[in-house]
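Before any comments, here is the structure.
Numbering (the numbering used here), first residue to last: 32 to 258.
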């Protein structure tokens, strides 16, 4: 498959996970068939301000490719500048976090809180897309709550803004990681879009990957806790 100009083999990706997907973990995952690995999520503000903690998340190595870097934040200009920084550092892909439900992230209007503000998402993507040449993706949840599922509309808007692929976690923000991921809704996103759709949530074995690809037509799968 292809995400923008990035050629990938089998379509099994390692999700960005805070405190987990550092360089050693990514390298181990690659030896077990991971096609594309992501850094831990990185604060766009921290990168722009030159915070050493944020910069350390970019630590990589020659074998750590292709590499996706996930940014979180809520200011369009800051995210665009952070995207330029990570591209200059060698990232092969930039992802915008629109799915993290952790309180300290959503309190600042970032992560899954962005699902409540589609107009802000549009401004962010219109700022970030022209800032970098590497592929741009977004990782989102189904919506902020089970009473406010808007993934179809937000994913379509992201495509209109020029993103190269959409990653969908099959839960709403208020679910956290409880309940089952709704793969049927991920499949509906795939039906709606013409760009690649990557399914995420409750992928624990090879048969899960096969089912998401064959039954729900996902172009690729992103493995998180199941890794």
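The C-beta atom is built at its ideal place from N, Cα and C for all residues, glycine as well.
DSSP three-state call for residue 220: helix, strand or coil?
Residue state for residue 220 is assigned as helix, using DSSP reduced to three classes.
If you follow the alpha helix (DSSP H) that residue 239 is in, where does it begin and where does it stop?
237-245
Buried or exposed: which applies to residue 80, given that a residue is buried once 16 or more other Cβ atoms fall within 10 Å of its Cβ?
With fewer than 16 other beta carbons inside 10 angstroms of its own, residue 80 counts as exposed.
As a quick exercise: from 123, 235 and 184, pick the residue whose alpha carbon is nearest that of residue 148.
184
Cut-off 7 Å between Cβ atoms - residues of its own chain near residue 49, not counting five sequence neighbours on either side:
71 and 72
Presumed contact (8 Å Cβ cut-off) between residue 171 and residue 133, rounded CB distance
With a Cβ gap of about 15 Å, residue 171 and residue 133 do not count as contacting.
Determine the extent of the alpha helix (DSSP H) in which residue 102 is found, giving its start and end residues.
Looking at the DSSP string, residue 102 is not in any alpha helix (DSSP H); the run it does join, the beta strand (DSSP E), is 98-103.
Identify which residue in 56, 243, 75 and 255 has its Cα closest to the Cα of residue 108.
75
Candidates 250, 146 and 90, of which the one nearest residue 55 by Cα:
90
Give me the Cα-Cα distance between residue 258 and residue 43, rounded to the nearest whole angstrom.
11 Å
Residues bridged to residue 124 by DSSP?
99
Among 111, 82 and 95, which one has its Cα closest to the Cα of residue 64?
Cα-wise, what sits closest to residue 64 is 95.
In three-state terms, what does DSSP make of residue 46?
coil
Close beta carbons around residue 255, own chain, < 7 Å, minus the five adjacent residues each side
Around residue 255: 46, 48 and 231.
Alpha helix (DSSP H) runs contained entirely in the segment 124-168, provided each spans 4 or more residues
Listed in chain order, they are 134-137 and 149-159.
For the segment 161-178 and the segment 112-131, state whether three or more C-beta atom pairs, one from each stretch, are separated by less than 8 Å.
yes
Look at the alpha carbon of residue 93 and the alpha carbon of residue 61, and state the distance between them as a whole number of angstroms.
12 Å
Just list the residues that DSSP pairs residue 110 with in beta bridges.
DSSP lists no partner for residue 110.
Determine whether the beta carbon atoms of residue 125 and residue 67 lie at a separation below 8 Å.
Taking 8 Å as the cut-off, the Cβ atoms of residue 125 and residue 67 do not count as close.
Please state the DSSP three-state secondary structure of residue 190.
helix
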